[in-house]
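Engineer: Please find one structure pasted underneath; my questions will follow.
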Amino acid sequence: MSESIDGFFDQYGGRYVAEVLSRPLNELESAFRQAMKDQSFLDELATIRRDYIGRETPLYFAKTATELLGGAQIYIKLEGLANTGAHKINNAIGQCLLAKRMGKTRIIAETGAGQHGVATAAACAKLGLECIVYMGEVDVRRQQPNVAAMELYGAKVHAVTSGSRTLKDAVNEAMRDWASHFDTTHYVLGSALGPSPFPDIVRTFQSVIGEEVKKQCAERGIDIGAMVACVGGGSNAIGFFSPFIDQKEPRLIGAEAGGIGPDIGQNASRMTGNASRQGIVQGYKSRFLIDEDGQSLPTRSISAGLDYMGIGPQLAALGSSGRIEFTAIRDKDALEAVSFFAKNEGILFALESAHAGAAAIKLAKEIQKDKAIIINMSGRGDKDVFITSPVFRPAEWIQFLHAEIERLESQKDIHDAKSMEAQ
Ligand SMILES: *Cc1c(COP(=O)(O)O)cnc(C)c1O
Numbered sequence: 000m001s002e003s004i005d006g007f008f009d010q011y012g013g014r015y016v017a018e019v020l021s022r023p024l025n026e027l028e029s030a031f032r033q034a035m036k037d038q039s040f041l042d043e044l045a046t047i048r049r050d051y052i053g054r055e056t057p058l059y060f061a062k063t064a065t066e067l068l069g070g071a072q073i074y075i076k077l078e079g080l081a082n083t084g085a086h087k088i089n090n091a092i093g094q095c096l097l098a099k100r101m102g103k104t105r106i107i108a109e110t111g112a113g114q115h116g117v118a119t120a121a122a123c124a125k126l127g128l129e130c131i132v133y134m135g136e137v138d139v140r141r142q143q144p145n146v147a148a149m150e151l152y153g154a155k156v157h158a159v160t161s162g163s164r165t166l167k168d169a170v171n172e173a174m175r176d177w178a179s180h181f182d183t184t185h186y187v188l189g190s191a192l193g194p195s196p197f198p199d200i201v202r203t204f205q206s207v208i209g210e211e212v213k214k215q216c217a218e219r220g221i222d223i224g225a226m227v228a229c230v231g232g233g234s235n236a237i238g239f240f241s242p243f244i245d246q247k248e249p250r251l252i253g254a255e256a257g258g259i260g261p262d263i264g265q266n267a268s269r270m271t272g273n274a275s276r277q278g279i280v281q282g283y284k285s286r287f288l289i290d291e292d293g294q295s296l297p298t299r300s301i302s303a304g305l306d307y308m309g310i311g312p313q314l315a316a317l318g319s320s321g322r323i324e325f326t327a328i329r330d331k332d333a334l335e336a337v338s339f340f341a342k343n344e345g346i347l348f349a350l351e352s353a354h355a356g357a358a359a360i361k362l363a364k365e366i367q368k369d370k371a372i373i374i375n376m377s378g379r380g381d382k383d384v385f386i387t388s389p390v391f392r393p394a395e396w397i398q399f400l401h402a403e404i405e406r407l408e409s410q411k412d413i414h415d416a417k418s419m420e421a422q
């Protein structure tokens with residue numbers, strides 16, 4: 000089941016949208032199918048992957064971690080070394096290139112924590128496209144470093160003030176924009192979810208991760224026992240697993256956000272949690288954290304990228320069929336995994352990816368010593384300093400923030416003069 004059948008993965012997926020979105024979705028689907036058969040498109044994508052994204056990313060043998068954990072050989076796929084620091088650029092570049100081919104000049108995207116917004120803004124800067132990022136007003140306020148990066152790349156960040164002013168409202172706003180401007184505009188959706196054909200498109204552009212792993216393991220004679228990825232919407236996981244889905248082996252394991260506990264509002268466990276239900280939300284059928292009336296329930300995770308209420312339909316189907324196993328990783332175990340790999344391997348995991356790291360730490364002894372566990376490090380952790388520093392060294396961090404404010408306020412008259420000059 001590596002591709003959908005009429006947009007469905009078993010009972011999940013589909014295209015549950017208002018009539019106005021049928022045309023852009025149909026147009027996108029046929030343009031995508033044509034592009035993937037066009038050698039000049041594939042060649043251009045391959046060149047950008049090599050020269051701009053920095054592919055292929057290394058498959059790193061974590062020797063010290065392997066010795067310390069005393070089980071399987073631990074390998075880490077270093078997606079965090081991709082330009083912009085995470086796997087999201089694989090999808091952003093692919094879709095922006097497709098949009099250009101379709102003659103679109105304007106790109107819109109939704110973003111929650113800001114990572115997908117940053118990747119899309121960078122891709123648009125590289126390819127010379129106008130970029131508008133819809134972001135909930137609440138997220139704009141708490142994710143300023145990413146907003147600053149998007150603006151540096153030349154994107155316009157549009158703060159969404161409807162509803163809860165977070166990710167799902169940003170998605171609604173982007174859909175609305177797309178419905179009325181699709182002649183000039185492509186909507187770059189950020190994960191392997193949403194109405195068909197987005198789950199197929201995003202998986203296809205992310206499957207470069209799994210294809211590389213397959214090749215790297217074959218070249219080096221690595222026998223894979225298990226592969227582990229973190230799961231937000233599911234794009235890094237499905238891209239990493241994709242070439243292995245139709246085989247019985249290796250074990251494929253998705254790590255969801257276990258947050259601070261099993262109760263409603265304490266986690267974002269769509270596959271393992273007790274608040275999970277089947278539903279149709281934002282254009283597709285899948286498993287969601289919603290109540291009986293289909294209203295979204297609050298979610299929680301220390302990692303900003305794993306707290307969406309839904310999961311991609313293909314992962315939901317593969318979880319139900321048993322091909323992919325799911326586990327929930329608590330915040331504290333993810334933090335411990337960040338320290339473990341930083342201290343023992345010199346590799347700083349993003350908090351999201353550290354959920355996969357923590358799952359691998361738990362799994363290591365279950366897998367034979369001559370087999371490998373491959374962890375997808377979906378991103379690097381530099382971006383998390385505002386979350387990890389207050390946990391690991393709170394007093395110093397508070398002092399630093401106070402000092403920064405003082406420093407900036409003492410320079411305020413300089414900034415004021417500068418902005419006057421500019422006017
Ligand atoms: C956004 C993000 C995720 C979660 O998104 P998926 O679509 O589930 O991959 C995971 N890791 C990092 C580093 C991210 O930025």
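Residue numbering for the sequence shown follows numbering that gives the first Met the number 0, beginning at 0 and increasing consecutively. Ideal Cβ positions, reconstructed from N, Cα and C, are used throughout, including at glycine.
Roughly how many angstroms lie between the CA atoms of PHE424 and PHE8, to the nearest whole one?
Structural biologist: Residue 424 is absent from the structure shown; the chain starts at 0 and stops at 422.
Engineer: Determine whether the beta carbon atoms of THR119 and ALA91 lie at a separation below 8 Å.
Structural biologist: Yes, Cβ-Cβ distance for THR119 and ALA91 is below 8 Å.
Engineer: Is the beta carbon of CYS95 within less than 7 Å of some heavy atom of ligand 1?
Structural biologist: Result no, Cβ not under 7 Å from ligand 1.
Engineer: Does the separation of the CB atoms of ASP199 and GLU55 fall below 8 Å?
Structural biologist: Not in contact: ASP199 and GLU55 (Cβ atoms no closer than 8 Å).
Engineer: Along the beta strand (DSSP E) that carries ALA371, what are the first and last residues, could you check?
Structural biologist: Where ALA371 is concerned, the enclosing beta strand (DSSP E) stretches over 371-376.
Engineer: Relative to the C-alpha of THR203, which residue among ASN235, LEU24, MET226 is closest?
Structural biologist: Residue ASN235 is the option with its Cα nearest to THR203.
Engineer: In the DSSP assignment, the beta strand (DSSP E) including LEU251 goes from what residue to what residue?
Structural biologist: That run of the beta strand (DSSP E) goes 250-258.
Engineer: According to DSSP, simplified to helix, strand and coil, what is THR119?
Structural biologist: Three-state result, THR119: helix.
Engineer: Going by beta carbon distance, what residues of the same chain come within less than 8 Å of THR165, once the five residues before and after it are set aside?
Structural biologist: Result list for THR165: GLY111, GLY135, VAL137, ASP138, in chain order.
Engineer: Rounded to the nearest angstrom, how far is the Cβ of HIS185 from that of GLY378, given a contact under 8 Å?
Structural biologist: About 24 Å; that fails the 8 Å criterion.
Engineer: Give a yes or no on whether the minimum CB-CB distance between TYR59 and chain C is below 8 Å.
Structural biologist: Absent here is chain C; the protein component of the structure consists of one chain.
Engineer: I'd like the span of the alpha helix (DSSP H) that includes MET149, first residue to last.
Structural biologist: It spans 143-151 - the alpha helix (DSSP H) in which MET149 sits, taken as one unbroken run.
Engineer: Determine the DSSP secondary structure at GLN33, reduced to helix, strand or coil.
Structural biologist: If DSSP states are grouped into helix, strand and coil, GLN33 belongs with the helices.
Engineer: Less than 8 Å between the beta carbons of ILE372 and ALA225, yes or no?
Structural biologist: Taking 8 Å as the Cβ cut-off, ILE372 and ALA225 qualify as a contacting pair.
Engineer: Considering Cα atoms alone, identify which of ILE397, GLN33, MET376, ASN25 is closest to CYS229.
Structural biologist: Nearest of ILE397, GLN33, MET376, ASN25 to CYS229, Cα basis: MET376.
Engineer: Can you tell me whether DSSP reads TYR51 as helix, strand or coil?
Structural biologist: TYR51 falls in the helix class under three-state DSSP.
Engineer: Which residues in the same chain have their Cβ closer than 6 Å to the Cβ of THR387, if we skip the five residues on either side of it in sequence?
Structural biologist: Excluding residues within five positions, none has a Cβ falling inside 6 Å.
Engineer: Below 8 Å between beta carbons: does that hold for ILE88 and ALA98?
Structural biologist: Result no, Cβ atoms of ILE88 and ALA98 do not sit closer than 8 Å.
Engineer: Using the C-alpha atoms, what's the distance from ASN343 back to VAL369?
Structural biologist: At residue 369 the sequence reads Asp, which differs from the Val that was named. The alpha-carbon atoms of ASP369 and ASN343 are separated by roughly 21 Å.
Engineer: What is the DSSP secondary structure of HIS354, counted as helix, strand or coil?
Structural biologist: Three-state result, HIS354: helix.
Engineer: I'd like to know whether the C-beta atoms of LYS76 and VAL212 end up nearer to each other than 8 Å.
Structural biologist: Against a cut-off of 8 Å, the Cβ pair of VAL212 and LYS76 comes out as a contact.
Engineer: Quick test of the definition: if touching needs 3 or more C-beta pairs under 8 Å, does the stretch 301-321 touch the stretch 276-290?
Structural biologist: With the cut-off at 8 Å, the stretch 301-321 and the stretch 276-290 touch.
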